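Trainee: Chains as they are written, first to last, in my numbering: chain V, 339 to 647; chain Y, 65 to 491.
Here is the structure:
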């Protein structure tokens, strides 16, 4: 089958087949990453711009390595958060980059929907590297890839996502992806951070971590954003950690071979007790290296779709 | 010059008229309904308009318009706003005070009315602010603005959060017998919300504005109106909860009236689609049940008027990230065909619909408009309810083009708009 999306904006608009194709392609890209000379010419002569409106060393570096392994010319454009509301508009900035020859724009933006605005108004191929509270497709794809690698499948798995679902783009993308590939998805967190309408996405809602974790094959812990504690979502980080932090005790009800994942960076002692974080660290590092392969696959498929259009 | 409108279906809910006939306009007034027209035809001093197959009704009245002048002339001016109104069949419009400077004192009111007299082609009635600068703290110069020509007060767009200030406003306006118009919204509940809180906002990762943020304030305002005995008008009702609260209040005898916009009875939050900023307004487009409830409210009289909340914004302001785009859409040039859809769908009779756009909104603010009574100023619209049209934003007379209805195929074409006996639009 051929991939027909020139832009990769979110998992919500991809079919199960398309998601599987990205994961399969990532397998061959992973093989490239294991060679002595880790480079293929797929994007030779193509200028890719990483347009980041939020600081993100990890995601940006991962994208950059993926781009370079595909032989693209890479342009990094990092703007401060305040430039979203002041100065040049997003469209003007992006048009400038296009004028410099960028034909692929990877965008990370604090406001939901920003990549859609670019996709509508520009000719470039747009890759969403995380928009507001909306989607973070490359993170979800690498989570899916990692789960598939460890468990050998996704269909039928019980996957629990823990934490701030309301503001999490990682959660949204993962819910779409996991449900489409046939997993049973549960979301758990304080009721203030679980959107009341998430049921539509076919995820089951829990407010009690032990209950949610019963029989779980995979637990995905979301990073709690420290700034949220200033708000009125929960009383304190200490209390959050007591009810929704993952400890060995709470993990007892899960499947014996349960896999704990975290998109990083971890707040040790808050989302994860330190021992769990240590146990999980090999998976978390796997996630990081798989991230490069998955992003290479995204570029490869989007570029071929762009050429066919 | 006289005008004879010949052979149309005259619908004037203010007099209970619905039938074929002729209307004669002389010296800017409705002169008579002549039985025969022969003696006028061929008279060079009489312009004859053949209205066969068309509806002749009082010119439409919109009690919720943002003309943007003074201060935001790049969005709209009094001149272009009036032209947009005329093209939509409106002969009287009521403009909100959130200009810059805010219309919170008589000198701004006088400026608006002077501009309207010299450049406006329809009747313009200003609304004054409730509080100075629409800041919700101290009362604006309500008495002086009333003397200068304001027909009501509102802090539209900026709800008065302090209940005591609202109480004093509702007491004070009774000296002038004008209503308080409420943009009912609890700002704290709305937070940084940009669209209706529901499945769509959850999917799009946009912060939601819950229906409760409107319902809570409608409830407060009704309670304060009961306390003070004031006339209260609820602007742009968007939720099933508000409709329920207003219905019950009316039953108890509270002096409350209410309006609904065409976009709230036509669209739901699904229209936001993929971050379409032309579907971003406040109150936001709601769910299916809310849409059904406001239509039911129009039907049973809970909602008195259809008003557009015409809110022009420039292309540049709307072509940004959804969160950063301003709230609001233009509405004057789409209101009539959208309202006719309610008739086509069987929700309202044509008479009810015209009433919601003429005498009924006029009564909310005691404008004395929306009628074809003999001796009154001749404000008339002639339209073809059956003619198919395609909404084309490029053809809008408004300076702004921010409409979610661009490209829609609808029925209802305005043929003539007449203000004080002058043809101000023909199409």
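The beta-carbon is built from N, C-alpha and C at its ideal position, and this holds for glycine as well. Here the structure is a predicted model, which is why all the values come from computation and not from measurement.
At a Cβ cut of 8 Å, what residues of the segment 537 to 560 of chain V count as close to chain Y, listed as they run along the chain?
Mentor: Listed by position along the chain: 538 and 539.
Trainee: Any idea if residue 318/V is buried or exposed, counting beta-carbon neighbours within 10 angstroms, 16 or more meaning buried?
Mentor: With chain V represented from 339 up to 647, any question about residue 318/V goes unanswered, as that position is not in the structure.
Trainee: With a threshold of 8 Å between beta carbons, is residue 533/V in contact with chain Y?
Mentor: Yes, residue 533/V lies at the interface with chain Y (some Cβ there is under 8 Å from its Cβ).
Trainee: For the putative contact between residue 173/Y and residue 213/Y, defined by C-beta atoms under 8 Å, what is the C-beta separation to the nearest angstrom?
Mentor: Correct: roughly 6 Å between the Cβ atoms.
Trainee: For residue 81/Y and residue 123/Y, what's the separation of their Cα atoms in angstroms?
Mentor: When rounded, the distance between both Cα atoms is 15 Å.
Trainee: With a floor of 3 residues, list each beta strand (DSSP E) that falls wholly inside the segment 84 to 137 of chain Y, ordered by position along the chain.
Mentor: Here the runs fully enclosed are 93 to 96, 110 to 114, 119 to 122 and 124 to 129.
Trainee: Report the start-end ranges of each beta strand (DSSP E) in the segment 244 to 292 of chain Y that is 3 residues or longer and not cut off at the edges.
Mentor: Runs found: 244 to 246.
Trainee: Less than 8 Å between the beta carbons of residue 248/Y and residue 282/Y, yes or no?
Mentor: Yes.
Trainee: For a test of the three-state rule: what should DSSP assign to residue 448/Y, helix, strand or coil?
Mentor: Reduced to three states, the DSSP call for residue 448/Y is strand.
Trainee: Expressed to the nearest angstrom, what Euclidean distance is found between the alpha-carbon atoms of residue 467/Y and residue 452/Y?
Mentor: Looking at the two C-alpha atoms, the distance is approximately 19 Å.
Trainee: Compare the C-beta of residue 339/Y with all C-beta atoms of chain V and state if any pair is closer than 8 Å.
Mentor: Answer yes: the Cβ-Cβ gap between residue 339/Y and chain V drops below 8 Å somewhere.
Trainee: Between the Cα of residue 239/Y and those of 167/Y, 117/Y and 216/Y, spot the shortest distance and give me the residue it belongs to.
Mentor: Cα-wise, what sits closest to residue 239/Y is 216/Y.
Trainee: Do residue 390/V and residue 643/V have their C-beta atoms closer together than 8 Å?
Mentor: Their beta carbons are not under 8 Å apart, which means residue 390/V does not touch residue 643/V by this criterion.
Trainee: Note down, in chain order, each residue of its chain lying with its Cβ closer than 6 Å to the Cβ of residue 472/V, except the 5 sequence neighbours on either side.
Mentor: Cβ within range, chain order: 450 and 507.
Trainee: Residue 266/Y touches chain V at which residues, Cβ-Cβ below 9 Å?
Mentor: Residues of chain V passing the Cβ test: 504, 510, 533, 534, 535, 536, 538 and 539.
Trainee: Roughly how many angstroms lie between the CA atoms of residue 345/V and residue 362/V, to the nearest whole one?
Mentor: Straight-line Cα distance between these residues: approximately 19 Å.
Trainee: So, helix, strand or coil for residue 473/V, using DSSP?
Mentor: Three-state DSSP puts residue 473/V in a strand.
Trainee: State whether the segment 519 to 533 of chain V contacts the segment 541 to 560 of chain V, with contact taken as three or more CB pairs (one from each stretch) at a distance under 8 Å.
Mentor: Verdict: yes, contact present.
Trainee: Any idea which residues DSSP pairs residue 584/V with across the strands?
Mentor: DSSP output for residue 584/V lists 610/V as bridge partner(s).
Trainee: With DSSP collapsed to three states, give me the class of residue 642/V.
Mentor: Three-state DSSP puts residue 642/V in a helix.
Trainee: For residue 456/Y, would you say it is in contact with chain A, using Cβ-to-Cβ distances shorter than 8 Å as the test?
Mentor: Absent from the structure is chain A; the protein chains it does hold are V and Y.
Trainee: For residue 374/Y, which residues does DSSP report across the bridge?
Mentor: Paired residue(s): 129/Y.
Trainee: So residue 441/Y and residue 111/Y are in contact, right, with Cβ under 8 Å, and what is the actual spacing, rounded?
Mentor: The Cβ separation is near 18 Å, so there is no contact.
Trainee: Below 8 Å, how does it come out for the segment 274 to 281 of chain Y and the segment 299 to 308 of chain Y: are there three or more Cβ pairs, yes or no?
Mentor: Result yes; three or more Cβ-Cβ pairs closer than 8 Å.
Trainee: Could you spell out where the alpha helix (DSSP H) holding residue 517/V opens and where it closes?
Mentor: Taken as a continuous stretch (DSSP letters only), the alpha helix (DSSP H) holding residue 517/V covers 507 to 518.
Trainee: Kindly list the residues whose CB is nearer than 8 Å to the CB of residue 203/Y, restricted to its own chain and excluding five residues on each side of it in sequence; keep chain order.
Mentor: So the list reads 194, 195, 196, 229, 232, 233 and 236, once near-sequence residues are dropped.
Trainee: Count the CB pairs spanning the segment 365 to 381 of chain V and the segment 397 to 413 of chain V that are closer than 8 Å, and state whether there are at least three.
Mentor: Yes, the segment 365 to 381 of chain V is in contact with the segment 397 to 413 of chain V.
Trainee: By the criterion of Cβ-Cβ separation under 8 Å, what are the contact partners of residue 507/V in chain Y?
Mentor: Here the neighbours are 269.
Trainee: Helix, strand or coil: which one does DSSP assign to residue 399/V?
Mentor: Reduced to three states, the DSSP call for residue 399/V is helix.
Trainee: Where do the ends of the beta strand (DSSP E) carrying residue 323/Y lie?
Mentor: Looking at the DSSP string, the run of the beta strand (DSSP E) that includes residue 323/Y is 320 to 324.
Trainee: Quick test of your reading: residue 317/V and residue 347/V, contact by CB under 8 Å. State the CB separation rounded to the nearest angstrom.
Mentor: Because chain V is modelled from 339 through 647, residue 317/V falls outside the range shown and cannot be assessed.
Trainee: Going along the chain, which residues of its own chain have a beta-carbon closer than 6 Å to the beta-carbon of residue 600/V, five neighbours each way excluded?
Mentor: Cβ within range, chain order: 559 and 622.
Trainee: Near residue 297/Y, which residues of its chain fall below 6 Å by C-beta distance, leaving aside the five closest residues on each side in sequence?
Mentor: Contacts found: 243, 245, 321 and 428.
Trainee: Is residue 398/Y helix, strand or coil by DSSP?
Mentor: Correct three-state label for residue 398/Y: coil.
Trainee: Looking only at its chain, what residues have a beta carbon closer than 7 Å to the beta carbon of residue 378/Y, apart from the 5 residues adjacent to it on each side?
Mentor: For residue 378/Y, where only same-chain residues beyond five positions count, the Cβ hits under 7 Å are 138, 139 and 464.
Trainee: When the Cα atoms are used, what is the spatial distance from residue 334/Y to residue 268/Y?
Mentor: C-alpha separation (whole angstroms): 11 Å.
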